[in-house]
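*Asks:* For the sequence shown, our numbering gives the first residue as -16, with consecutive numbering after it. Each residue gets a CB set at the ideal place from its N, CA and C atoms; glycine is no exception. Starting off with a structure, shown below.
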Amino acid sequence: MELKDIKTIQEVADEYNISRQTLHGRLKNLQEGIEYRRLGERQPILLSPEGVKKIVKSTIEDYENMSKEQLINIIKKGNKRK
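As structure tokens, this is what we get:
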């Protein structure tokens, strides 16, 4: 793993268009110290590459299960999921 592979919650939120609150809620499914690390109160949370894969997995599965029309509607709405 290289330093460039480590991402913050905000970077993942921006890259995958998932709200930070959703990602914070999914942290309970990750192992602290292995897949993510808290730097301190009101400081960024760093995710390992494995943590990033695991935290966005359900979102990717949601997109894979959508019909073509649903995906087109999401794109037209500016990728805002509801």
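1) Could you tell me which residues DSSP puts in a beta bridge with LEU29?
2) Give the straight-line distance between the Cα atoms of LYS40 and LYS60, rounded to the nearest whole angstrom.
3) If distances are taken between C-alpha atoms only, which option among THR42, GLU44, LEU54, ASP(-12) comes closest to GLU18?
4) Alpha carbon to alpha carbon, what distance is there between ASN56 and MET49?
5) With a CB to CB cut of under 6 Å and the five nearest residues on each side skipped, what residues in its chain are close to LYS65?
6) Using a Cβ-Cβ cutoff of less than 6 Å, which residues in the same chain neighbour ARG9 once the five nearest sequence positions on both sides are dropped?
7) Buried or exposed, going by whether 16 or more other CB atoms sit within 10 Å of the CB of ARG25?
*Replies:* Reading from the atomic positions:
1) THR(-9), ARG20
2) 22 Å
3) ASP(-12)
4) 11 Å
5) Because LYS65 carries a pLDDT of 48, less than 50, the predicted location of this residue cannot be relied on, and the following value inherits that uncertainty. So the list is empty, once near-sequence residues are dropped.
6) ILE38
7) exposed
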